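S.K.: Please read through the structure below; I'll follow up with questions.
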Amino acid sequence: MSILEWMPFSVLLPLLAAPVCALLPGRFLPWLLAMASVTASAVIMAFVLPEAVNEPMRYFFGDWPPPIGIEYRVDAVNAFIGLLIAVMGTVILPWGRISVNREVPQRQGLFYALFLLSFAGLMGITLTGDAFNVFVFLEISSLSTYVLVAQGRSRAAPLSAFRYLVMGTLGATFYLIGIGLIYIMTGTLNMVDLAERLPAVADSRAVQAAFAFIIVGIGLKLALFPLHRWLPGAYANAPSAVTVFLASTATKVAIYVLLRLVFTVFGIEFVRQMPFAEVFFVLGVIGILFASIWAIEQDNAKRLLAYSSVAQVGYMALAISFVSVAGISAGLVHMFNHALMKAALFMSVCTVIYQVGSPHISAFRGLGRQMPLTMLAFVLAGLSLIGVPLTVGFISKWLLIETAMADGNWFAVVVVLVGSLLAVMYIGKVAEAAWLRPAPEGREPVREAHPGLLVPMWILVAANFYFGIDTRLTVDVARRGAEMLMGGSP
Amino acid sequence: MDWLGHFNYWVVIFLMMTGFYAVIARGNMVKIIIGLNIFQTSVFILFISAGKIIGASSPVLEKGVDLYSNPLPHVLILTAIVVGVATTAVGLALAVRVRENYGSIQDDQLTEEEDGEPHT
Chain D
1 MSILEWMPFS VLLPLLAAPV CALLPGRFLP WLLAMASVTA SAVIMAFVLP EAVNEPMRYF
61 FGDWPPPIGI EYRVDAVNAF IGLLIAVMGT VILPWGRISV NREVPQRQGL FYALFLLSFA
121 GLMGITLTGD AFNVFVFLEI SSLSTYVLVA QGRSRAAPLS AFRYLVMGTL GATFYLIGIG
181 LIYIMTGTLN MVDLAERLPA VADSRAVQAA FAFIIVGIGL KLALFPLHRW LPGAYANAPS
241 AVTVFLASTA TKVAIYVLLR LVFTVFGIEF VRQMPFAEVF FVLGVIGILF ASIWAIEQDN
301 AKRLLAYSSV AQVGYMALAI SFVSVAGISA GLVHMFNHAL MKAALFMSVC TVIYQVGSPH
361 ISAFRGLGRQ MPLTMLAFVL AGLSLIGVPL TVGFISKWLL IETAMADGNW FAVVVVLVGS
421 LLAVMYIGKV AEAAWLRPAP EGREPVREAH PGLLVPMWIL VAANFYFGID TRLTVDVARR
481 GAEMLMGGSP
Chain E
491 MDWLGHFNYW VVIFLMMTGF YAVIARGNMV KIIIGLNIFQ TSVFILFISA GKIIGASSPV
551 LEKGVDLYSN PLPHVLILTA IVVGVATTAV GLALAVRVRE NYGSIQDDQL TEEEDGEPHT
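Chains D and E are the protein sequences, given in the same order.
1 is the number of the first residue of the first sequence in the working numbering; add one for each residue after it.
491 is the number of the first residue of the second sequence in the working numbering; add one for each residue after it.
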């Protein structure tokens, strides 16, 4: 079989493994199956990326070519995001096994089945070339994510999951309305065909309304300010493994769908006519500033990082709002880099929760000496989030500032720098408690975490530095991807 | 302009706004889910009515008929209905769990803030 025929299996394997996983008894077997299928996905995507960078790969399901059948169309952007998701899944699952044993002691077969469904849904959204198929996979991943969030141990977990469900369903339905309107106008759902037929009807109200519906729908999914209300609760109350996985993949995939639909399907000419850049610029700026300030106010470390995620989505929105190849590649690079740093940060905070039992920052006091490896990982990943040179965060901010200066937009430069200062404050709040405050009296000495928790965390921290120094993969692929997105031919 | 000729779209808009209002203005979780259902139903009607061609027969191959309605929207909406049912089921199950934990399903009166304290 050629690599083209293997490509759809990166979605199909986890999808097929999920029901089997639900039936497997015990704790080890479901985990092993989940791990095997996610790793297989990652391996397939690693082979797909070099091929897809040069020439888009097209796979027709059931050998039915596009007007009738559904195709998977993979170019530099999809392959890049798909590889990111699959690799994050592969790194997070070994880490998650230990925390899942504690937090979801019973019926782990079902838990891993849901995890696989969520993973398969995200991969499917990324690879497909059909606008309605995106909706189906979006709902596959969202429905399983709601249930996963509800598995958290806190009292509020089902409430957070419910609020996420309401917002998520509204978002998906808005997206569906948008797709319905452009289907009525063009008679096709294939993204390439849509891109060809939309310019002819671009002046109609229906297409403009479709654009607005799609933007709002995806905006809800990616937690773009002010549509972010579901995110902090869902991240704070979900089981640790789910939080880490969601924080590093779910919003990234939503950003990808946004880029694909806005720049490939609707096209750059249409976007310039709509107030897209202005809206994203304003929302991005407000998101960066407000969410960072809210993050500083939080006492719960998981919630603090969740608000920081909203701020980081603001950076991506700001990068996209420049509507240029440089801006979009800055957004793509930040998406990749943010997955690395936020996963490492959430892993270290969740490891502390695993050892100490509380996410409150007061519980972090004195942990620098008692859990030095975990807290050092937090500080290093935090430096990356702030944007210190030699880390991936610096690359993101550098590209973003470079784009803003080329555009003559000094206000954006100032916002990025102020956002970094605010990040110093909220990361510093946790780091100060851990390293400079004495441990609370009467607390049993806390021991360093299990190596099974430390190794994946440090792999991600190392990746934060590796990709901060060697930017060939990220920056070059992102630039190529941005050109493909903008160039009309996806 | 022919206002009545588009009455199916007026129905869609009316249902859409009704459902949307119920979702954002109501605090009771069951009412929110009912609102979501109405909202989704409006989208189903939008798709299905777009597939109808006036004067055309149902899309089943038959002798002597050469104008068929478009079957694709029906297929799409079949998928969307399944998604809607699943969403309702998950939402109601979550509402039951919320009631077990809080003793109330009045969403606007509950707070997530004491999260983090492990609850067993």
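Ideal placement from N, C-alpha and C gives every residue a C-beta, glycine not left out.
Bear in mind that the values here come from a model prediction, so they are computed numbers and not experimental data.
1. Consult DSSP for A18/D and reduce its assignment to one of helix, strand or coil.
2. Using a threshold of 8 Å, state whether the C-beta atoms of L460/D and A344/D are closer than that.
3. Could you compute how far the alpha carbon of A241/D sits from the alpha carbon of P94/D?
4. Please say whether A18/D and A86/D have beta carbons closer to each other than 8 Å?
5. With distances taken from CA atoms, which of F280/D, G178/D, Y235/D and L138/D is nearest R153/D?
6. What's the call for D130/D, buried or exposed, on a 16-neighbour Cβ count within 10 Å?
7. When every heavy atom of the ligand SAH is checked, does at least one fall within less than 7 Å of the C-beta of G152/D?
8. Is the beta carbon of E139/D closer than 8 Å to that of A172/D?
9. Can you find a CB in chain E that lies within less than 8 Å of the CB of R155/D?
10. Determine whether the beta carbon atoms of L170/D and F270/D lie at a separation below 8 Å.
11. Less than 8 Å between the CB atoms is what I'm expecting for A557/E and G541/E, so what's the real figure, rounded?
12. Looking only at DSSP bridge pairs, what is H360/D linked to?
13. At the level of alpha carbons, what is the spacing between F60/D and V134/D?
14. Classify V455/D as helix, strand or coil using the three-state DSSP reduction.
15. Quick test of your reading: V207/D and V201/D, contact by CB under 8 Å. State the CB separation rounded to the nearest angstrom.
16. Under 8 Å Cβ-Cβ, which residues of chain E neighbour L143/D?
17. Whose C-alpha, out of H334/D, A449/D, H360/D and V413/D, is nearest the C-alpha of G369/D?
18. Can you name, in chain order, every residue of its own chain whose Cβ lies under 7 Å from the Cβ of M484/D, other than the five neighbours on each side?
19. Buried or exposed: S420/D, going by 16 or more other Cβ atoms within 10 Å of its Cβ?
20. Can you list, in chain order, the residues of its chain whose CB lies under 6 Å from that of I522/E, leaving out five sequence neighbours each side?
21. As a quick exercise: from T39/D, S118/D and A79/D, pick the residue whose alpha carbon is nearest that of V91/D.
22. Determine the direct distance from the alpha carbon of L148/D to that of P494/D, and round the result to whole angstroms.
23. Using a beta-carbon distance cut-off of less than 8 Å, what residues from the segment 526-556 of chain E approach chain D?
24. Output the distance between the C-alpha atoms of V502/E and I535/E, rounded to the nearest integer angstrom.
25. What number of angstroms, rounded off, separates the C-alpha of R472/D from the C-alpha of A406/D?
26. Can you tell me the Cα-Cα spacing of I286/D and A317/D, whole angstroms?
27. Helix, strand or coil: how does DSSP classify M316/D here?
28. Give the range of the alpha helix (DSSP H) segment to which M425/D is assigned.
29. Give the range of the alpha helix (DSSP H) segment to which R589/E is assigned.
30. Which ranges does the alpha helix (DSSP H) cover as unbroken runs of at least 4 residues, wholly within the segment 505-562 of chain E, from first to last along the chain?
31. Is Y183/D buried or exposed, if buried means 16 or more other CB atoms sit within 10 Å of its CB?
32. With the cut-off set at 8 Å, would you say M1/D and Y72/D are in Cβ contact?
33. Please list, in chain order, all residues of the same chain as E607/E whose beta carbon is under 6 Å from its beta carbon, the five residues on each side excluded.
34. Taking V699/E as the query, report the chain D residues whose CB atoms sit under 8 Å from its CB, ordered along the chain.
35. Taking just the CA atoms, how far does S204/D sit from S321/D?
36. Could you say which of L600/E, L566/E and N591/E lies nearest to T188/D if we only look at CA atoms?
M.R.: From the atom records:
1. Taken through DSSP and simplified to helix, strand or coil, A18/D comes out as helix.
2. Annotated as proximal: L460/D and A344/D, with beta-carbon spacing under 8 Å.
3. Rounded to the nearest whole angstrom, the CA to CA distance from A241/D to P94/D is 10 Å.
4. Result no, Cβ atoms of A86/D and A18/D do not sit closer than 8 Å.
5. Taking each of F280/D, G178/D, Y235/D and L138/D in turn and checking the Cα distance to R153/D, the smallest one comes out for Y235/D.
6. Buried, since its Cβ has 16 or more Cβ neighbours within 10 Å.
7. Within the structure as shown, the ligand SAH is missing, as the structure has no ligands at all.
8. Pairing A172/D with E139/D gives a Cβ-Cβ distance under 8 Å.
9. For R155/D, the answer is yes, since a Cβ of chain E falls inside 8 Å of its Cβ.
10. Not closer than 8 Å, so no.
11. For clarity, residue 557/E is Leu in the given sequence; the question names Ala instead. Incorrect: roughly 13 Å between the Cβ atoms, too far for contact.
12. In DSSP, H360/D forms a bridge with N300/D.
13. In this model, F60/D and V134/D are separated by some 16 Å (Cα to Cα).
14. When secondary structure is reduced to three states using DSSP, V455/D falls in the helix class.
15. Rounded, the Cβ-Cβ distance is 6 Å, consistent with contact.
16. Result: V573, A576, T577 and V580.
17. One detail in the question is off: residue 369/D reads as Arg in this sequence, not Gly. The shortest Cα separation from R369/D among H334/D, A449/D, H360/D and V413/D belongs to A449/D.
18. Cβ within range, chain order: D75, A76, V77 and P490.
19. Label assigned to S420/D: buried.
20. Shown here for I522/E: same chain residues with a beta carbon closer than 6 Å to its own, the five before and five after excluded, namely V513 and R516 in chain order.
21. Nearest to V91/D by alpha-carbon distance, out of T39/D, S118/D and A79/D, is T39/D.
22. The first residue shown for chain D is 1 and the last is 490, placing residue 494/D beyond what the model contains.
23. Going along the segment 526-556 of chain E in chain order, one finds L526, F529, Q530, V533, L536, F537 and A540 with a Cβ nearer than 8 Å to chain D.
24. V502/E and I535/E: Cα-Cα distance of roughly 6 Å.
25. Taking the CA atoms as reference points, R472/D sits about 22 Å from A406/D.
26. Between I286/D and A317/D, the C-alpha separation is close to 11 Å.
27. Note: M316/D maps to helix in three-state DSSP.
28. M425/D: member of the alpha helix (DSSP H) spanning W410 to W435, first to last residue.
29. Residues L562 to Y592.
30. Within the segment 505-562 of chain E, the complete alpha helix (DSSP H) segments of 4 residues or longer fall at 519-541, listed in chain order.
31. It counts as buried.
32. Not in contact: M1/D and Y72/D (Cβ atoms no closer than 8 Å).
33. Note that E607/E scores 46 on pLDDT, short of 50, meaning its location in the model is unreliable and no value can be drawn from it.
34. A query on residue 699/E cannot be resolved here, the shown segment of chain E reaching from 491 to 610 and no further.
35. Going from the Cα of S321/D to the Cα of S204/D covers about 24 Å.
36. Taking the Cα of T188/D as reference, the smallest distance to any Cα among L600/E, L566/E and N591/E is reached at L566/E.
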